[in-house]
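Enquirer: First the structure, then my questions, so here it is.
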Ligand code: SAM
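Residue numbers (our numbering): 459 to 696.
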């Protein structure tokens, strides 16, 4: 019997229009959809009018689930992996499933699509040519600081995710590491009704955030550099 394929299918990070035609077709054609929170995925599937068997897969059940999913793939089932939002395997346990599938000789096909870190970066106005993504930072201040110091040494644009209730504390740590004049952008509620980019120096953004009730989802982007167009590379317009 032919083995099935594991498809990695990105889903919207807020705006339900942000799903590709290919992603919809692959979800329709899959035998099973592996997701994080089944309630979250059911909302998307009912919007797309797709009805499929769902299997939950998250950090707390991954050890039990991975062999079950691999066995279904070995028995010829085509499986789509989705996450609660955005691209699976970015800041969720999807990586472990992909690794295991590959080690069992299973074909893995990733689809391109929404991803909060890329959406936040390209709208930030900070350099996009070279960046480092840290996922969620360590929670303990000392470990967080160490992670940020290591990233700072690369001089690349730094991107990470943070939950709203930790934002101010985390930016205070950023101020200690990078200094209050370094550029920071908080990309909030991307693709949603209250999408905004809070841009400024770390000092300015801390002051701004202290005046607010902090709600929503955030991507944080920091750059120690700003880039200008190299005029020697410019071609004539006509
Ligand atoms: N797999 C997702 C992706 O491709 O971006 C990321 C999943 S991670 C578990 C969830 C985090 O992504 C949130 O805590 C937040 O930091 C960020 N995020 C997700 N959606 C977002 C949005 N619409 N606006 C800003 N940040 C978002």
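Glycine residues also receive a C-beta, built at the ideal position from the N, C-alpha and C atoms.
Since the structure is predicted, the reported quantities are computational estimates derived from the model, not experimental observations.
Ignoring anything shorter than 3 residues, give me the beta strand (DSSP E) runs that lie fully in the stretch 551–636, in order along the chain.
Expert: Counting only runs of 3 or more, we get 565–568, 589–594, 615–620.
Enquirer: Applying the criterion that 16 or more other CB atoms from any shown protein chain within 10 Å of the CB defines a buried residue, is residue 578 buried or exposed?
Expert: It is buried - the Cβ of residue 578 has at least 16 other Cβ atoms within 10 Å.
Enquirer: How would you write the range of the beta strand (DSSP E) that residue 675 sits in, first residue to last?
Expert: No beta strand (DSSP E) contains residue 675, which DSSP labels as neither H nor E.
Enquirer: Is any heavy atom in the ligand SAM found nearer than 6 Å to the beta carbon of residue 514?
Expert: No, the Cβ of residue 514 stays beyond 6 Å of every heavy atom of the ligand SAM.
Enquirer: Residue 648: beta carbon under 6 Å from a heavy atom of the ligand SAM?
Expert: Yes, the beta carbon of residue 648 sits closer than 6 Å to at least one heavy atom of the ligand SAM.
Enquirer: Starting from the C-beta of residue 668, find all residues in its chain whose C-beta is less than 6 Å away, skip the five residues before and the five after it, and write them out in chain order.
Expert: Answer for residue 668: no residue qualifies.
Enquirer: Taking 8 Å as the threshold, find out whether the stretch 675–682 comes into contact with the stretch 614–630 through three or more Cβ pairs.
Expert: Yes, the stretch 675–682 touches the stretch 614–630.
Enquirer: Give the single residue among 576, 621, 611 whose Cα lies nearest to the Cα of residue 596.
Expert: Looking at the Cα atoms, 621 is the closest of the given residues.
Enquirer: Is the beta carbon of residue 471 closer than 7 Å to that of residue 547?
Expert: Their beta carbons are not under 7 Å apart, which means residue 547 does not touch residue 471 by this criterion.
Enquirer: Using CA atoms only, rank isn't needed, just tell me which of 688, 694, 490, 624 is closest to residue 540.
Expert: Closest option to residue 540, Cα to Cα, is 490.
Enquirer: Give the secondary structure of residue 537 by DSSP, where H, G and I count as helix, E and B as strand, and everything else as coil.
Expert: Strand at residue 537.
Enquirer: Could you tell me if the beta carbon of residue 553 falls within a distance shorter than 6 Å of some heavy atom in the ligand SAM?
Expert: Residue 553 Cβ: outside cutoff for every heavy atom of the ligand SAM.
Enquirer: Please determine if the stretch 556–570 and the stretch 510–522 are in contact, where contact requires at least 3 C-beta pairs separated by less than 8 Å.
Expert: Because the criterion of three Cβ pairs below 8 Å is not met, the stretch 556–570 and the stretch 510–522 do not touch.
Enquirer: Three-state secondary structure (DSSP) at residue 670?
Expert: DSSP places residue 670 in coil when its eight states are reduced to three.
Enquirer: Can you give the beta carbon distance from residue 656 to residue 644, rounded, assuming they're within the 8 Å contact cut?
Expert: Their Cβ separation, rounded to whole angstroms, is 4 Å, which keeps residue 656 and residue 644 in contact under 8 Å.
Enquirer: Starting from the Cα of residue 460, find the closest Cα among 466, 508, 530 and give me that residue.
Expert: Comparing Cα positions, the closest option is 530.
Enquirer: Please list the terminal residues of the continuous beta strand (DSSP E) segment that includes residue 511.
Expert: Residues 511–514.
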